[in-house]
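Colleague: Mind having a look at this structure? Questions to follow.
Residue numbers (the working numbering), protein chains in the order written: chain A, 1 to 399; chain B, 400 to 870.
Listed below in structure tokens is the structure:
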């Protein structure tokens, strides 16, 4: 049985229906006292006086839905991004249990209404060959393995779901430990043994030493199809290219935030005889809040140019989302901004997913939450996973 | 249609060079009209003189963006959404940053509603000179009860000055809230017209002169049919909600629709879809779930929607870390792409530095420089700041890439003649450049002090180490 309140509400609803603006009145099962009725009718009667003109107007207007069709506007791209395989199995001359393919796009990322891109973006986690200063939210996740790169790599793969390990040989920096190259190579071997996923080998950023470090690493990792990260225009990139060709690796072409410089360096590498499918480009990743927009637009421009046929820009794109940890919002303790244990990874995640939409194919990540979330997002955008949501019910059913 | 040229626009101006608009001639007005510095109605004769009526109309049509600009609310807090002209940010600055709304439910207790409103309006964070804020309150008629909704809207109106989105698929419920003149006159966005209720919704939108959301979650033909109908019925300010599925394959469909809608408007000039896009990341919360997991999910869904042209988003979370990330992303995406990456290298002064004042160094990446300069200023430090030419790269990148090195610092010291301005020989470098300490000392013969990790800590740092102790 309906309560009195329900009946009143029902009644008001229907009264409104008629008097306020539209429809027909139907009064059923309504029990009201005269007093209630008088009180309720007062405001609506006034409204009724104002509405007649509105109703008249609408009557001249369409009474039925206008019929419409929709055909999406499709771009015809003449170019295609090259596909790169990272890692090689035993039968391919390496020892990896898993390999990862990136690139191969025929349209902008996830525009699946237009064409199907063959590969999802891939996610690598950062490992360093010496303990370095890490922000608190990241440190918490790796503290127990920080002194052993092989264990660190294992944790990233087995516990955190990294598809690729990015080993950064920062110890070789002459301004840091200046670790001898042969000694640094031990960790390359150890990591290759510890995990069966593909690896990225990074230098320290020292332009004199990196060519030596990277070409030595190329030799140690012969046949493994690793990524050598990275070459710049102001170093002996020819040495690295030569080693990459000889041992079958891919090279990251790294330039500071300029599409023309990126194009130029890619061209220099191509001219050295390095095939397009052994080059990944990194036009520099700036963090959310600290120039993310430059990276975002650069990646969109590069991807579009590649799709439109620019041969020098048709390589997959690498983005170091982990640069997000340089932003104070990710690590600084500020109560007003909420707990940094969540804020930090979220800062990296938002940096990552934004660049995923812009066109990056391969990510370097520091926090496991970003890996987990970004993988899930990539799966969804490739149409995986069901969706049971009754989207219109958000108005009434939001928890 | 191609973008109008200067002459296309000039054709519809009076061509009298009267100067009433403040420009020297009509051609100059035309050029600023194309840059969107003026609207056609900024030409006084076009508005005043009856004989220009057709020209004004034609001009309005010519320069109106392919995505309609829709205003929600009025007065100083009014929000304009849409007005987009391009698909990609690098083509031209994107206009009208994504408006952010947070929901309140009419099922909540009045104090809860009030509290959420206060939090919505209270969210304010200053970043690099901009104030990051939310823009709207979305009031949900979760009860389905007109009276209850009317009361909730009344509370929202009293506790918050932001414009509202009134959310219900039941027109009688929306009508109840709109009865109050102070609500109706505040030009709320009405959510939403569907294939079943559009007749009533159109009446409300017209009667109260409110923008109206068209909602069709199945396909874009339905959505288009709805907008064409609504437009024909006389409502021009329409916002599109193609349905915000936030999980699995549904999310893929949603983002595809966003792209298809925007492409249709800009590339195919599809009249039925040339409106702002509304996304509801709040849908993430439909199946329940807890903070912080749901907030995290909602935030990245909102981020990808923003990256895919969403003009307005309805959120559920009020967690500051989520709002900080999203308002920052918006600040980034909607910044001017022509803004240079680098600032002029050289010497800057803060306060009235003397020969005893500290000397700091940073890089010439625009965002690094402005962050550091803003912090130094806000903290009231008196110092010299040397801006090194790192080719527009931030500290960490340029140390790694070698653009920030000892010889760059040396020539900076030489070029600025800072040695003539101060008596001491102490240089404070960013902590992220700590590894350059020895190199810089050897090259410049200045003593290097490794500074704080972040420029927000400069004052505390200087308090500790400056003036230096005499040995």
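For each residue, glycine too, the CB sits at the ideal point set by N, CA and C. If you're wondering where the values come from, they're calculated on a predicted model, not measured in any experiment.
Let me see if you follow: with CB-CB separation under 8 Å, is residue 839 of chain B close to chain A or not?
Modeller: By this cut-off, residue 839 of chain B is not an interface position.
Colleague: Across which residues does DSSP place residue 678 of chain B in a beta bridge pair?
Modeller: Partner(s): B:712.
Colleague: If you draw a straight line from the C-alpha of residue 265 of chain A to the C-alpha of residue 236 of chain A, how long is it?
Modeller: Going from the Cα of residue 265 of chain A to the Cα of residue 236 of chain A covers about 12 Å.
Colleague: Could you spell out the range, first to last residue, of the beta strand (DSSP E) harbouring residue 375 of chain A?
Modeller: Not the beta strand (DSSP E): residue 375 of chain A falls in the alpha helix (DSSP H), residues 368-381.
Colleague: Run through DSSP, which three-state label would residue 94 of chain A get?
Modeller: Three-state result, residue 94 of chain A: coil.
Colleague: Return the CA-CA distance between residue 525 of chain B and residue 531 of chain B, expressed in angstroms with no decimal places.
Modeller: If you take the alpha carbons of residue 525 of chain B and residue 531 of chain B, they lie about 6 Å apart.
Colleague: With distances taken between CB atoms, is the gap from residue 783 of chain B to residue 820 of chain B smaller than 8 Å?
Modeller: Closer than 8 Å, so yes.
Colleague: In the DSSP assignment, find the unbroken beta strand (DSSP E) run with residue 535 of chain B in it and report its ends.
Modeller: Looking at the DSSP string, the run of the beta strand (DSSP E) that includes residue 535 of chain B is 535-539.
Colleague: Assign residue 897 of chain B to buried or exposed, taking buried as 16 or more other Cβ atoms, counted over all protein chains shown, within 10 Å of its Cβ.
Modeller: Outside the shown range of chain B (400 to 870) lies residue 897 of chain B, about which nothing can therefore be said.
Colleague: In the structure shown, what three-state DSSP assignment does residue 787 of chain B receive?
Modeller: Three-state result, residue 787 of chain B: strand.
Colleague: For residue 103 of chain A, which option in A:281, A:347 and A:396 has the closest C-alpha, if you only look at C-alpha atoms?
Modeller: That would be A:281, whose Cα lies nearest to the Cα of residue 103 of chain A.
Colleague: Here's a check: name, in chain order, each residue in its chain whose Cβ is nearer than 7 Å to the Cβ of residue 861 of chain B, leaving out the five neighbours to either side.
Modeller: If we look at residue 861 of chain B and ignore the five residues flanking it on each side, its Cβ neighbours are 757 and 780.
Colleague: Taking Cβ positions, are residue 792 of chain B and residue 764 of chain B nearer each other than 8 Å?
Modeller: Yes, the pair counts as a contact, with Cβ atoms nearer than the cut-off.
Colleague: Closer than 9 Å between beta carbons: that is the criterion. Which residues of the region 145-176 of chain A meet it against chain B?
Modeller: Those residues of the region 145-176 of chain A that come within reach of chain B (Cβ to Cβ, closer than 9 Å) are 173, 175 and 176.
Colleague: How far does the beta strand (DSSP E) with residue 261 of chain A in it reach, from first residue to last?
Modeller: Careful: residue 261 of chain A lies outside any beta strand (DSSP E), inside the alpha helix (DSSP H) at 259-271.
Colleague: Can you confirm whether residue 564 of chain B, when its beta carbon is compared against all beta carbons of chain A, has any partner nearer than 8 Å?
Modeller: By this cut-off, residue 564 of chain B is not an interface position.
Colleague: According to a CB-to-CB cut-off of less than 8 Å, which residues of the region 844-869 of chain B neighbour chain A?
Modeller: Answer set for the region 844-869 of chain B: 853 and 855.
Colleague: On the CB-based measure, 16 or more other CB atoms within 10 Å of its CB, does residue 78 of chain A come out buried or exposed?
Modeller: Exposed, since its Cβ has fewer than 16 Cβ neighbours within 10 Å.
Colleague: Is DSSP giving residue 856 of chain B helix, strand or coil here?
Modeller: If DSSP states are grouped into helix, strand and coil, residue 856 of chain B belongs with the helices.
Colleague: State the DSSP-derived secondary structure class of residue 668 of chain B, mapped to helix, strand or coil.
Modeller: Coil.
Colleague: With contact counted as at least three CB pairs below 8 Å, one residue from each stretch, are the region 771-779 of chain B and the region 747-762 of chain B in contact?
Modeller: Taking 8 Å as the limit for Cβ pairs, the verdict is that the region 747-762 of chain B does touch the region 771-779 of chain B.
Colleague: I want to see whether chain B comes within less than 8 Å of residue 274 of chain A, judged by CB atoms only; does it?
Modeller: Taking Cβ atoms only, chain B never reaches closer than 8 Å to residue 274 of chain A, which makes this a no.
Colleague: Which residues of chain A have a Cβ atom closer than 7 Å to the Cβ of residue 567 of chain B, listed in chain order?
Modeller: Chain A residues near residue 567 of chain B: 395.
Colleague: Within the region 78-124 of chain A, note down every full alpha helix (DSSP H) run reaching 4 residues or more, in order along the chain.
Modeller: Counting whole runs of 4 or more residues, the region 78-124 of chain A contains no alpha helix (DSSP H) stretch at all.
Colleague: Verify whether the separation of the beta carbon atoms of residue 356 of chain A and residue 320 of chain A is less than 8 Å.
Modeller: The answer is no: Cβ separation not under 8 Å.
Colleague: Output, in sequence order along the chain, the residues in the region 62-81 of chain A whose CB is closer than 7 Å to any CB in chain B.
Modeller: Per Cβ criterion, the list reads 62, 65, 66, 67, 68, 69, 70, 72 and 73.
Colleague: Of the choices B:842, B:841, B:836 and B:859, whose alpha-carbon is the least far from that of residue 849 of chain B?
Modeller: It is B:836.
Colleague: Would you verify that the beta carbon of residue 234 of chain A is, or is not, closer than 8 Å to some beta carbon of chain B?
Modeller: By this cut-off, residue 234 of chain A is an interface position.
Colleague: Distance check for residue 164 of chain A and residue 832 of chain B, CA to CA, integer angstroms please.
Modeller: So the alpha carbons of these two residues sit roughly 29 Å apart.
Colleague: Could you confirm whether any beta carbon from chain B is found closer than 8 Å to the beta carbon of residue 389 of chain A?
Modeller: Output row for residue 389 of chain A: interface = yes.
Colleague: If I follow the unbroken beta strand (DSSP E) through residue 223 of chain A, where does it start and stop?
Modeller: Here residue 223 of chain A belongs to no beta strand (DSSP E), and DSSP marks it neither H nor E.
Colleague: Can you confirm whether the region 165-181 of chain A touches the region 69-77 of chain A when touching is taken to mean that 3 or more C-beta pairs between the two stretches lie within less than 8 Å?
Modeller: Contact fails: fewer than three Cβ-Cβ distances are below 8 Å.
Colleague: Which runs of the alpha helix (DSSP H) spanning at least 4 residues fall entirely within the region 172-202 of chain A, listed in chain order?
Modeller: If we require 4 residues or more, the alpha helix (DSSP H) runs fully inside the region 172-202 of chain A come out as 181-194.
Colleague: From A:76, A:94 and A:63, pick the residue whose C-alpha is nearest to that of residue 249 of chain A; which is it?
Modeller: If we check each option's Cα against that of residue 249 of chain A, A:94 comes out closest.
Colleague: Near residue 379 of chain A, what residues of its chain come up, given a Cβ to Cβ distance below 8 Å and the 5 sequence neighbours on each side ignored?
Modeller: The answer, listed in chain order, is 120 and 385.
Colleague: Looking only at C-alpha atoms, which of A:389, A:397, A:278 and A:382 sits nearest to residue 111 of chain A?
Modeller: The candidate whose alpha carbon is nearest that of residue 111 of chain A is A:382.
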